[in-house]
Amino acid sequence: MRTRELFAPTLRQISGEVELASHRLLLRAGFVRQLAAGMYSLLPLGLRVVRKIENIVREEMDAAGAQELFLPALHPLELWEKTGRAQYWGDELMKLKDRTGRPFCLGGTHEEVITQLASEVKSYRELPFTLYQIQTKFRDDPRPRGGLIRVREFTMKDAYSFDRDVPGLDSSYETMVEAYHKIMQRVGLPYHVVDASGGGIGGWDTREFELPTEAGESHYLRCDSCGYAATPEVAQCKAEIEPPTEEEQALERVDTPDRRTIEEVTEFLGVPPKKLVKTLIYEADGRVVAALVRGDRDLSEDKLQLALGAKKLEMAEAATIERVSSAPVGFAGPVGLKEAEILADNELRGERNFITGGNEADLHLRNVNFGRDFEVKDWADLRNGEAGDLCPGCGEPLRAYRGIELAHVFKLGTIYSEPLEAHFLDEDGERKPMVMGCYGLGTTRMMAAVVERFNDDAGIIWPMAVAPYEAVIILLNHDDEEHRAIAEQLYVELQQDGFEVLLEDRPERAGVKFKDADLIGIPGQIVVGRLAGEGKVEVRRRGGESRTVPVGEAGGTLRELLSSNLPA
RNA sequence: CGGGGCGUAGCGCAGCUUGGUCAGCGCGCCUGCCUUGGGCGCAGGAGGUCGCCGGUUCGAAUCCGGCCGCCCCGACCA
């Protein structure tokens, strides 16, 4: 491709509102343009990068035995209603109607569609298999942000495995995880594998592949010494229980007029938040439960649900809270609570003389103690992990990270195959739902992640694996016949040698060409300039080495300089 | 959805507090000359219903109300 013809409008300046490096550079270098919030056009250069990423993903998926197919983006809403996800996703699901008024949605993910398709399987003999597609997803995010990091329309590779049982799923899952490791390594991105929760997809044993960067929007905790990593909701907390040192003191009633929140109460009473115990009322599969965590901690709903073995967990409605606590919302406490069974966080075992809600309007209780004042039904790890918590593996303190979520894998089990009746007949003659896994990887997001990780003051520095072109020939003096001839000859020869080459032949000044070449970030640069008269050119690696060589050696030198994925 | 910010020429911005002489700057673009290894130089030129609607006023980019759009933080989320 010649830059004279290439549609890649570069920008000298960009609005100060655009903050992320990846967002700024992809816009400035002419890879993407924004159509509306969270909606981006991929320009020719951007599309080439995404295609490279897709091809790596495709090769690794195929190598792992997965089969590519292509599903509709438009789904009958009815299908999402069958699994309950139409309601669960709510407004995040883009909905529309056809001319007859039949409701549809734009697929935010494809579990329903693929499961219905897979329900054609009749026998265990046809299992297992894994299907994948690379497709546009639509999610009506309440707040798109960060350029291409979080958008409303994006492309994703989503794979789904179907097995006859859980051991089969475990094996399919590991195969996909291995493929993901290979993909990350080929692209060249550093990453952490993080234990996570299922969220809107569901399932268990889910893991995220995170690019560690402050620009990211995911938060996780990681042990730098052993590599254990998890999101706060699922990070296992080692409870360091110290034997109580205080003597139990007499229970006291304290008036706390209109003080409901932890902040209000601690400020009013002049005590630190950790002296309080929060009482959170939930409904789990229809029963009411109260979860107790220290005042300065956050409850993990994932952990509570796990501890309860509940299928569905929701915060109780205000009316329920008022009923069981006999008080307005904000004054619930464990002492004298009605109906609800009480679960307490492990960390509270050593606590004495704490403050709780009083189950009465404008009342809290001081010097509350376990056993004497109320009974706990179960103890469990219920709180979110925090930076500084001790690693459950090796005991070192965990560190807080931010990251860009590149990929996410889930074990789904039968949560989709049951409602959609994707059954098969097993060897024992029994009809069983297929056991599923799903494996997502955002390809457009990955492009942004690569830029976020590989750039300098001058622009992008593409890894070879995903560069839009491998080399650019920069013809400085386009009017000089001899120079032009050399550039044209190199252009042909390098392509014959298998390089993907861009020829910078615009009638621009040298400075413009250099600036744009650095901004666009193509790894190989061949400068045809003042030394061309002596039959020499400069061969450079963007962000790395530069050599002046005879024209005839340009190809070999280029190959050498580009032999690594990243500049040395 | 809560909090904050922004919307003026193709792009980036100033002007708004204190209404009138306020349609301005830089880049880009067009013409000519010059220059040709890091976003040259000089001269001339084109280009804007100041996001939209309404209000206040003799007069609104500027003040007021409503709406729309975009960015950031939070909630939420893959």
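Okay, so the first sequence: first residue is 6 according to the numbering used here, each after it adds one.
Backbone N, C-alpha and C define an ideal beta-carbon position, used for all residues, glycine too.
Keep in mind the model is a prediction, meaning the values are calculated, not measured.
Pairing V329 with T261, the inter-Cα distance amounts to about 20 Å.
In chain order, V334 place their CB closer than 6 Å to the CB of A323, counting only its own chain and leaving out the 5 sequence neighbours on each side. Cβ neighbours of D290 within its own chain (closer than 7 Å, five residues either side excluded): A315, K316 and K317. By the neighbour-count criterion, in which a residue is buried when 16 or more other Cβ atoms sit within 10 angstroms of its Cβ, M452 is buried. Under the criterion of beta carbons closer than 8 Å, L226 and D394 qualify as touching, at roughly 7 Å. Contact between K541 and P555 holds: CB atoms are separated by about 6 Å, below the 8 Å threshold. Looking at the DSSP output, Y287 shares a beta bridge with V294 and M320.
8 Å or more divides the Cβ of A234 from the Cβ of Q140.
In the structure shown, the three-state DSSP call for G418 is strand. Taking C-beta separations shorter than 6 Å and ignoring five residues to either side along the sequence, the partners of Q254 in its chain run N358 and N372, following chain order. Nearest in C-alpha terms to G418, of all of F429, L370 and G442, is G442. Taking 8 Å as the cut-off, the beta carbon of L136 is found closer than this to the beta carbon of A71. Shown here, I466 sits in coil according to DSSP, grouped into three states, outside any helix or strand. Here G193 has P468, A470, N570 and L571 as same chain residues with Cβ atoms under 7 Å from its own Cβ, once five neighbours each way along the sequence are excluded. Judged by DSSP in its simplified three-state form, Q190 adopts helix. Between the stretch 392-407 and the stretch 238-251, the count of C-beta pairs closer than 8 Å reaches three or more; the two stretches touch. In the DSSP assignment, K520 falls within the alpha helix (DSSP H) that extends over A515 to I525. Distance check between D200 and each of V455, E86 and K308 places K308 closest, using alpha-carbon atoms only. For V477, the CB contacts under 6 Å within the same chain, skipping 5 residues up- and downstream, are L507, E509, A522, I527 and Q530 in chain order. Per the C-alpha coordinates, the member of I360, E65 and V182 positioned closest to K280 is I360. The straight-line gap separating the alpha-carbon atoms of L274 and A345 is approximately 27 Å. Taking every protein chain shown into account, the CB of T180 has 16 or more other CB atoms within 10 angstroms, so this residue is buried. In chain order, A312 and L348 place their CB closer than 7 Å to the CB of D383, counting only its own chain and leaving out the 5 sequence neighbours on each side. When DSSP states are grouped into helix, strand and coil, Q121 belongs to the helix group.
Listed as beta-bridge partners of G447 by DSSP are M161.
Listed in chain order, the beta strand (DSSP E) runs fully inside the stretch 56-136 are 79-81, 99-102 and 108-111, counting runs of at least 3 residues.
If the five residues before and after Q310 are omitted, its C-beta is found closer than 8 Å to the C-beta atoms of A289 and L318, all from its own chain and listed in chain order. Judged by pairs of C-beta atoms under 8 Å, the stretch 9-25 does not touch the stretch 435-450, as fewer than three such pairs exist.
Residue pairing from DSSP leaves F504 without any beta-bridge partner.
The straight-line gap separating the alpha-carbon atoms of R9 and L481 is approximately 13 Å.
Excluding sequence positions up to five before and after Y129, its CB lies within less than 8 Å of the CB of R169, F429, L430, D431 and E432, all in the same chain and listed in chain order. For H197, the enclosing beta strand (DSSP E) stretches over residues H197 to A201.
In the DSSP assignment, T553 forms a beta bridge with E543.
Around G355, the same chain offers I246, E247 and P249 as residues with beta carbons nearer than 6 Å, after the five sequence neighbours per side are excluded.
Here the alpha carbons of R450 and F36 stand approximately 13 Å from one another.
The beta carbon of V54 lies closer than 8 Å to those of F36, M452, V455, W467, V471, A472 and P473 in the same chain, with the five residues before and after it left out.
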